[in-house]
Structure formats: C-alpha cells, structure tokens
Amino acid sequence: MGGRLLIVEDSRLELTVSNFMLKWKRKLTDLGYEVDVARTFDNAVKKIAETRYEVIVSDCDIYGLGFDRSANGIRLAGIIRDVWGAEPLVYVHSKRMYLRMGPENFSSWDEAKDAGIIDGFFPKWRMKELYAQLSDKTGENKLS
Numbered sequence: 000m001g002g003r004l005l006i007v008e009d010s011r012l013e014l015t016v017s018n019f020m021l022k023w024k025r026k027l028t029d030l031g032y033e034v035d036v037a038r039t040f041d042n043a044v045k046k047i048a049e050t051r052y053e054v055i056v057s058d059c060d061i062y063g064l065g066f067d068r069s070a071n072g073i074r075l076a077g078i079i080r081d082v083w084g085a086e087p088l089v090y091v092h093s094k095r096m097y098l099r100m101g102p103e104n105f106s107s108w109d110e111a112k113d114a115g116i117i118d119g120f121f122p123k124w125r126m127k128e129l130y131a132q133l134s135d136k137t138g139e140n141k142l143s
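Quick note on numbering: numbering that gives the first Met the number 0 labels position 111 of the sequence shown as 110, and the sequence is numbered without any gaps.
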C-alpha cells in the first residue's frame with residue numbers, strides 16, 4: 000500500500016491539464032496510493048488541515064490569494080510548513096509558464112527552497128519524474 004497523496008490542480012478551463020491530472024490520479028491509485036484532489040486553493044488548505052498527507056503534488060500557479068498565482072503556490076507551501084513542519088511537497092508547473100518565464104527566471108524556486116519544503120519542480124508533461132519523486136518520498140519503488 001502506498002502513501003496518502005494530495006494533488007492540487009485548479010485548471011478547470013484547460014481541459015487537457017485537467018484530464019492530465021485525472022490520468023495522474025488513476026495511475027497513482029493503480030500504483031496503490033490513496034489520492035485526494037483539491038480543485039481550489041481554499042480546498043487545498045482545508046484538506047491539509049484535516050488530513051496528513053505523505054506527499055502533496057501541487058500546481059505552482061494556483062488562484063487563491065491574489066493575482067500573482069505563482070506566489071500563491073509559495074503561500075500554500077508556507078501553510079503546509081506552518082501546519083505540519085517541513086513535509087514532502089512536489090511542485091509541478093505548466094510548459095507554457097516554463098516557456099514564458101524561462102528556467103533562469105524562477106525566483107519563486109529560490110523562495111521555495113528557502114522555505115525548506117520543496118522537493119521537485121518540473122514540468123507536468125514529465126510523468127516519469129513525478130513517479131520517481133514519489134518513490135523517493137514514500138520509500139517504495141512501485142514503478143519498476
């Protein structure tokens with residue numbers, strides 16, 4: 000049995016992203032993980048307060064506390080730290096955001112690392128990396 004995971008993804012309008020996250024949920028469930036999904040920032044905060052997750056996979060740009068969506072991801076990381084202490088959190092970001100900003104411009108990555116809880120920061124389209132991160136965090140290798 001795998002750990003308990005939370006996926007935070009708020010993209011309702013981007014059908015391909017939403018379908019991709021549902022695919023992740025199905026695959027992770029098939030691998031033995033219990034998976035919950037939060038579709039809003041507020042819902043994620045509520046779930047984090049109610050349930051202890053082994054790993055949280057979060058979109059880094061989520062709506063919630065203002066217009067700077069990437070800062071909201073950092074705020075979510077801070078809430079996790081305040082509620083639980085440092086916990087495994089794997090961030091994912093969209094290819095569009097990566098291409099728009101460029102890898103050298105992720106100041107939020109530095110801020111997140113300073114918070115001490117960010118373990119991964121990679122594009123959504125690289126699922127193998129996600130599974131590798133989860134194997135590292137849960138101590139189980141269900142991917143071989």
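Glycine included, each C-beta is placed from N, C-alpha and C at the ideal position.
Secondary structure of L30 (DSSP, three-state): coil. The continuous beta strand (DSSP E) containing R3 extends over residues 3 to 7. Distance from the Cα of E33 is smallest, within the candidate group A48, V54, V44, for V54. Around the beta carbon of V82, fewer than 16 other beta carbons lie within 10 angstroms, which makes this residue exposed. Per DSSP, I47 has no beta bridge partner at all.
Counting of Cβ neighbours within 10 angstroms places E8 among the buried residues, the total reaching 16 or more. Spatial neighbours of A48 in its own chain (CB-CB distance under 7 Å, excluding positions within 5 residues in sequence) are listed in chain order as V82.
The C-beta distance from K46 to A37 rounds to 5 Å, short enough to fall under 8 Å. G2 counts as buried, since at least 16 other C-beta atoms from the protein chains shown sit within 10 angstroms of its C-beta.
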